[in-house]
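Okay, structure first, notes after.
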Amino acid sequence: GQSLEQPSEVTAVEGAIVQINCTYQTSGFYGLSWYQQHDGGAPTFLSYNALDGLEETGRFSSFLSRSDSYGYLLLQELQMKDSASYFCAVRDTRGSTLGRLYFGRGTQLTVWP
Amino acid sequence: NAGVTQTPKFRVLKTGQSMTLLCAQDMNHEYMYWYRQDPGMGLRLIHYSVGEGTTAKGEVPDGYNVSRLKKQNFLLGLESAAPSQTSVYFCASSFSRNTGELFFGEGSRLTVL
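Here the protein sequences come in this chain order: A and B. Numbers 1 to 113, taken from my numbering, label the letters of the first sequence in order. Numbers 114 to 226, taken from my numbering, label the letters of the second sequence in order.
Structural data, given as structure tokens:
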């Protein structure tokens with residue numbers, strides 16, 4: 001089966017840097033994605049790592065270590081609007097379940113002024 | 114640019130009633146998914162489709178049926194609604210299985226009394 005572990009809550013102040021970790025156990029692994037969700041609205045895609053290393057997109061960066069089954073999302077120069085839930089997700093690559101995308105339970109980030 | 118559209122956005126049912134949620138995407142995506150989101154549980158995959166005329170079970174398929182008669186539409190049916198199916202349902206689509214990016218609809222909030 002698949003399991004993804006991420007912290008349930010993280011808090012930080014404006015301007016700070018925060019890291020949200022995700023560890024996973026999957027039978028097949030293709031890549032690690034990150035999504036943001038505000039107040040129960042539509043989740044929106046942030047980043048995707050298929051290879052080891054760091055991917056940077058503006059204030060957000062995502063890291064993957066396939067050998068450690070671990071990744072993280074790094075948010076820099078935090079703003080109040082970054083307060084949201086953040087989900088990691090992995091895609092199953094096994095033949096019988098090809099195409100499934102599994103999500104973690106989400107990390108609620110609260111940014112304080 | 115409609116993207117992924119879900120209807121209805123809100124619905125209240127009585128136990129035992131049936132209903133269908135409609136998801137429509139205008140991006141010519143092959144893959145479509147139905148997730149449910151409950152507090153503290155993240156997004157759980159109900160059913161998904163890898164192309165027109167094909168469907169497959171996800172993590173929590175019991176009590177639901179789906180159909181993909183047209184490439185752009187993915188229907189989720191509840192034959193006999195139960196209070197345990199009170200949830201927010203999200204539809205998503207992706208271009209292929211090799212991507213970590215899903216495009217989500219705004220969600221359908223279902224309450225079963």
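Virtual Cβ for every residue (Gly too), placed ideally from N, Cα, C.
Per the coordinates, the alpha-carbon of B/L156 lies some 22 Å from the alpha-carbon of A/L74. Of all residues in the region 154 to 169 of chain B, those with a C-beta nearer than 8 Å to a C-beta of chain A are M154, G155, L156, R157, L158, Y161, V163 and A169, reading in chain order. Secondary structure of A/K81 (DSSP, three-state): helix. Straight-line measurement puts the Cα of A/D68 at about 43 Å from the Cα of B/R124.
In the three-state reduction of the DSSP assignment, A/S61 falls in the strand class, which pools E and B. The Cβ atoms of A/F87 and B/E214 lie no closer than 8 Å to each other. For a Cβ distance threshold of 9 Å, nothing in chain A lies close to B/E192: the least Cβ distance comes to about 23 Å. Legend: CB atoms of the region 29 to 40 of chain A lying less than 9 Å from CB atoms of chain B belong to residues Y30, G31, L32, S33, W34, Y35, Q37 and G40. Listed in chain order, the non-local C-beta contacts of B/E165 below 7 Å within the same chain comprise R181, K183 and K184, local neighbours out to five positions each way being set aside. For A/S69, no beta strand (DSSP E) segment is defined, and its DSSP state is neither H nor E.
B/Q119 sits in a strand when the DSSP states are folded into three classes.
Ranked by Cα distance from A/P43, the first of A/N49, A/F60 and A/W34 is A/W34.
Against chain B, the CB of A/G53 has no partner CB under 8 Å away; the residue lies outside that interface. Fewer than three pairs of CB atoms, one per stretch, sit closer than 8 Å, so the region 195 to 212 of chain B makes no contact with the region 104 to 113 of chain A.
Closer than 8 Å to the CB of A/F45 there is at least one CB belonging to chain B. Not a single CB atom of chain B sits nearer than 8 Å to the CB of A/R66. Judged by DSSP secondary structure, B/L135 falls within the beta strand (DSSP E) whose first and last residues are M132 to Q138.
A check of alpha carbon separations from B/N178 across B/H142, B/V163, B/L134 and B/Q150 identifies B/L134 as the nearest. For B/V173, the closest alpha carbon among the candidates B/F216, B/Q198 and B/Y144 is that of B/Q198.
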